[in-house]
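Structure first, commentary second.
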Amino acid sequence: MKSTPIACSSHILSSVVLLWACFLSAAEKPYRSPFDAAFAPDGQTLAVSDRTAKRVILIDTRTWKIANEIPLAGEGTGVTWSPDNSRLFAAERDANTVAEIDAATGHVVRHVSAGIRPVGIAFIPERNLLLACNSVVPKVSAIDLNTGRTIASIPATRDPYFLAVAPGNKLAVVGNLLPAGAADQPGHAAEISLLDLEKLSCAAAVRLPAGSTSVRKIALSPDGRWAYAVHTVGRTNVPITQLDRGWVNTNALSIIDLNARALSATLLLDRIYEGSADPWGAALEPDGKTLWISLAGTREIARVDVGALHKLLAGEITDKHPGIWQEIRKDPSRRAQLVNDLAALYAAGLLEKIPVAGDGPRGIALSPDGNMLAVCLYFSGKIQVLDTASRSTIAEVSLPDNPAADTIRRGEMLFHDATTTFQHWLSCATCHPADQRMDALNWDNLNDGIGNPKNTKSLVYSHLTPPTTWQAVRENMEISVEAGFRHIKFREPAAGELDAVRAYLRSLKPEKSPHLAPNGELTETAKRGKKVFATQGCTDCHSGTLFTDMELYDVGTRRSFDNTAKFDVPSLIEAWRTAPYLHDGSAATLKEIFTKFNPKNKHGQTSDLSQEDLDALVEYINSL
Numbered sequence: 000m001k002s003t004p005i006a007c008s009s010h011i012l013s014s015v016v017l018l019w020a021c022f023l024s025a026a027e028k029p030y031r032s033p034f035d036a037a038f039a040p041d042g043q044t045l046a047v048s049d050r051t052a053k054r055v056i057l058i059d060t061r062t063w064k065i066a067n068e069i070p071l072a073g074e075g076t077g078v079t080w081s082p083d084n085s086r087l088f089a090a091e092r093d094a095n096t097v098a099e100i101d102a103a104t105g106h107v108v109r110h111v112s113a114g115i116r117p118v119g120i121a122f123i124p125e126r127n128l129l130l131a132c133n134s135v136v137p138k139v140s141a142i143d144l145n146t147g148r149t150i151a152s153i154p155a156t157r158d159p160y161f162l163a164v165a166p167g168n169k170l171a172v173v174g175n176l177l178p179a180g181a182a183d184q185p186g187h188a189a190e191i192s193l194l195d196l197e198k199l200s201c202a203a204a205v206r207l208p209a210g211s212t213s214v215r216k217i218a219l220s221p222d223g224r225w226a227y228a229v230h231t232v233g234r235t236n237v238p239i240t241q242l243d244r245g246w247v248n249t250n251a252l253s254i255i256d257l258n259a260r261a262l263s264a265t266l267l268l269d270r271i272y273e274g275s276a277d278p279w280g281a282a283l284e285p286d287g288k289t290l291w292i293s294l295a296g297t298r299e300i301a302r303v304d305v306g307a308l309h310k311l312l313a314g315e316i317t318d319k320h321p322g323i324w325q326e327i328r329k330d331p332s333r334r335a336q337l338v339n340d341l342a343a344l345y346a347a348g349l350l351e352k353i354p355v356a357g358d359g360p361r362g363i364a365l366s367p368d369g370n371m372l373a374v375c376l377y378f379s380g381k382i383q384v385l386d387t388a389s390r391s392t393i394a395e396v397s398l399p400d401n402p403a404a405d406t407i408r409r410g411e412m413l414f415h416d417a418t419t420t421f422q423h424w425l426s427c428a429t430c431h432p433a434d435q436r437m438d439a440l441n442w443d444n445l446n447d448g449i450g451n452p453k454n455t456k457s458l459v460y461s462h463l464t465p466p467t468t469w470q471a472v473r474e475n476m477e478i479s480v481e482a483g484f485r486h487i488k489f490r491e492p493a494a495g496e497l498d499a500v501r502a503y504l505r506s507l508k509p510e511k512s513p514h515l516a517p518n519g520e521l522t523e524t525a526k527r528g529k530k531v532f533a534t535q536g537c538t539d540c541h542s543g544t545l546f547t548d549m550e551l552y553d554v555g556t557r558r559s560f561d562n563t564a565k566f567d568v569p570s571l572i573e574a575w576r577t578a579p580y581l582h583d584g585s586a587a588t589l590k591e592i593f594t595k596f597n598p599k600n601k602h603g604q605t606s607d608l609s610q611e612d613l614d615a616l617v618e619y620i621n622s623l
């Protein structure tokens with residue numbers, strides 16, 4: 000290929016990345032954390048991204064030996080191949096790029112800009128077009144690989160994480176990790192975005208059942224009719240004491256009818272006394288009849304007979320399928336009740352769960368013939384390969400030089416582990432997903448009484464900004480961690496577990512705001528907003544380097560169900576990513592705090608601000 004300025008700069012960047020990798024090998028070695036996987040179209044190579052080691056690993060599927068390790072410029076997240084096996088693409092999340100890799104040589108040809116924090120990616124060969132989910136802003140970047148330039152930023156709902164392209168390359172289906180809007184509104188839930196790839200625009204958004212969040216992988220049927228999305232479902236109007244038998248948290252598979260652009264059904268992956276916490280990966284066998292799902296919180300994978308499931312949903316049922324399936328045959332509208340039925344899949348013999356050989360199963364991939372399933376065991380640093388017919392293990396590939404887990408890493412593992420929770424319904428990460436900090440939902444955790452749900456807080460700098468609850472019931476992060484084990488996970492913590500989780504939370508650091516200028520400084524609008532922030536009383540409470548005085552105040556936001564008018568002053572660090580706002584999540588945006596919920600100026604002197612000053616104030620807060 001011809002040498003271009005882009006390619007030259009890419010080779011320089013690749014050299015820098017390689018030198019950095021050598022430096023790391025001589026100093027502190029990173030953990031090995033396989034995140035996503037994809038078989039080459041010819042089935043002879045398995046590509047696996049390693050998020051923490053910032054690499055892509057190529058595994059020869061004939062020998063199950065590592066053939067190559069390719070350094071990346073950032074955290075390795077989504078991976079995808081070109082149909083001719085010649086090119087491999089790997090998202091580099093914290094570098095805001097995607098690496099284009101020559102599969103034959105393992106050399107990075109170039110690093111193309113891919114928006115903000117790319118995770119899920121997809122390649123459209125006919126147009127040499129790459130799609131990248133910007134995981135912390137509501138956009139999907141469309142990148143023309145002929146020029147390396149982004150030709151469109153397609154709107155999504157919120158925090159698009161993974162996507163899949165339907166046959167024909169006219170439609171992309173995007174899973175939005177978190178809900179947008181006010182958390183106190185009925186039906187608050189994450190959505191599936193449907194992108195028109197001819198117009199490079201959002202064609203529709205399909206809302207999932209109320210309380211749905213943490214949407215991860217998307218799988219599509221071979222005929223392009225159905226999309227399958229895995230996610231959690233929170234019953235946010237039920238007190239946490241009712242965790243038993245899925246009354247509070249459940250874990251789901253949603254089926255989207257792409258012809259109708261509507262939700263067909265949501266079914267639960269749980270059993271009556273056993274949750275399937277934190278579903279993550281989804282892969283459909285080539286014939287479209289069997290769906291595989293990784294259950295990140297419970298060290299399992301699930302196998303769902305979706306071929307038979309569609310027949311049941313259509314009312315093609317025999318007497319051996321009792322309960323709700325008989326009701327659906329008589330009245331198809333009863334399908335909406337499946338989201339509340341823990342027995343529907345299991346009792347019909349459509350759900351099978353299989354333990355895996357490690358911690359944190361995330362990305363999964365099926366071989367082109369559907370005979371092998373590769374499972375990325377994130378915290379164990381290895382890939383397990385299963386025979387899909389027998390469910391037996393074909394191979395286990397351990398990534399080399401994986402250091403023993405220290406206290407922080409053990410805490411991270413515990414934070415994501417639902418097996419330490421009563422009946423395995425949830426992990427800490429269910430409500431505090433690591434990348435997004437919080438789930439955007441309101442929960443009734445009973446630490447301040449019953450019937451007054453509060454919006455989930457971010458845990459970044461929670462050890463520096465006590466108290467940790469909206470009404471200061473928990474004095475600090477350390478007490479909150481212990482209370483979480485006892486009163487949310489319903490388990491007495493074992494020796495060392497509390498210290499490990501606390502160490503992990505102390506290790507969390509804020510990420511650079513996408514609202515800053517390219518040089519990392521405040522924009523001119525944000526500089527104006529900083530002056531507004533200082534002159535309109537905001538610094539009276541949001542003071543210091545963490546933007547909180549850690550006190551409780553009445554800012555006029557008490558609701559009818561609240562038992563107090565005073566609430567904690569939250570830190571404004573990373574406020575750009577923690578919507579909705581206020582103690583009850585009633586403000587969908589920062590701007591609504593000042594225009595809709597501050598009529599008496601108890602929350603800063605904002606009622607008389609001009610539109611320009613309001614926009615500048617919001618831009619400044621979003622920059623922190």
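No gaps in the numbering here: position 390 of the sequence shown is 389 in numbering that gives the first Met the number 0, and each next residue is one more. No residue lacks a Cβ here, since even glycine has one placed at the ideal position from N, Cα and C.
{"query": "Inter-stretch contact (C-beta, 8 Å, three-pair minimum) for the stretch 566-576 and the stretch 455-470", "result": "yes"}
{"query": "Contact set for K53: own chain, Cβ-Cβ below 7 Å, skip 5 residues either direction", "result": "P70, L71, G73, E74 and G75"}
{"query": "Those residues which DSSP pairs with M371 across a bridge", "result": "D386"}
{"query": "For C540, three-class secondary structure by DSSP", "result": "coil"}
{"query": "Limits of the alpha helix (DSSP H) - the one that E91 falls within", "result": "It is not in any alpha helix (DSSP H) - E91 instead sits in the beta strand (DSSP E) that spans R86 to E91."}
{"query": "Residues near P417 by beta carbon distance below 8 Å, same chain, minus five either side", "result": "Contrary to the premise, residue 417 reads as Ala rather than Pro in this sequence. Result list for A417: G274, A276, D277, G296, T297, H423, W424, L425, S426 and T429, in chain order."}
{"query": "With 16 other Cβ atoms within 10 Å as the buried cut-off, status of S456", "result": "What sits at residue 456 in the sequence shown is Lys, not Ser. By the neighbour-count rule (16 or more Cβ atoms within 10 Å), K456 is buried."}
{"query": "Nearest-angstrom beta carbon gap, I58 and T44 [assumed within contact, 8 Å]", "result": "7 Å"}
{"query": "Rounded Cβ spacing between K590 and V617 (contact assumed at less than 8 Å)", "result": "5 Å"}
{"query": "V78: first and last residue of the uninterrupted beta strand (DSSP E) it sits in", "result": "G75 to W80"}
{"query": "N-terminal and C-terminal residue of the beta strand (DSSP E) that V164 is part of", "result": "P159 to V164"}
{"query": "Per-residue burial, A218 [other beta carbons within 10 Å of its own, 16 or more giving buried]", "result": "buried"}
{"query": "Neighbourhood of L337 by C-beta, 7 Å cutoff - its chain only, sequence neighbours within 5 removed", "result": "A264, T265, L266, I323 and A343"}
{"query": "Cα-Cα separation, K329 to A347", "result": "17 Å"}
{"query": "Beta-bridge pairing of F38 - partner residues as DSSP gives them", "result": "L45"}
{"query": "Rounded separation between L242 and I449 - CA only", "result": "15 Å"}
{"query": "CB contact flag (S48, A102, <9 Å)", "result": "no"}
{"query": "Exposure label - K453; buried when at least 16 CB within 10 Å", "result": "buried"}
{"query": "Strand pairing of V111, partner residues [DSSP]", "result": "V97"}
{"query": "Limits of the alpha helix (DSSP H) - the one that G306 falls within", "result": "V305 to L312"}
{"query": "Residue from Y580, T556 and D561 whose Cα sits closest to the Cα of N597", "result": "T556"}
{"query": "I142 - partner residues in DSSP beta bridges", "result": "L129 and T149"}
{"query": "Whole-Å CB distance - T387 paired with E299, under 8 Å assumed", "result": "No, T387 and E299 are not in contact; Cβ-Cβ is about 15 Å, not under 8 Å."}
{"query": "Assigned exposure category for P466 - 16 Cβ within 10 Å defines buried", "result": "buried"}
{"query": "Inter-residue Cα distance where the pair is R61 and G528", "result": "59 Å"}
{"query": "Proximal residues to L545 (C-beta, below 7 Å), its chain only, five neighbours per side dropped", "result": "Y460, L463, T464, S570 and I572"}
{"query": "For N597, the three-state DSSP class (helix, strand or coil)", "result": "coil"}
{"query": "Straight-line Cα distance separating N67 from E99", "result": "15 Å"}
{"query": "A106 vs V97 beta-carbon contact at 9 Å", "result": "Per the sequence shown, residue 106 should be read as His rather than Ala. Cβ atoms of H106 and V97: not closer than 9 Å."}
{"query": "Nearest candidate by alpha-carbon position, reference K288, set A403, V500 and R224", "result": "R224"}
{"query": "Run of the alpha helix (DSSP H) containing N475, from where it starts to where it stops", "result": "Per DSSP, N475 belongs to no alpha helix (DSSP H) and is neither H nor E."}
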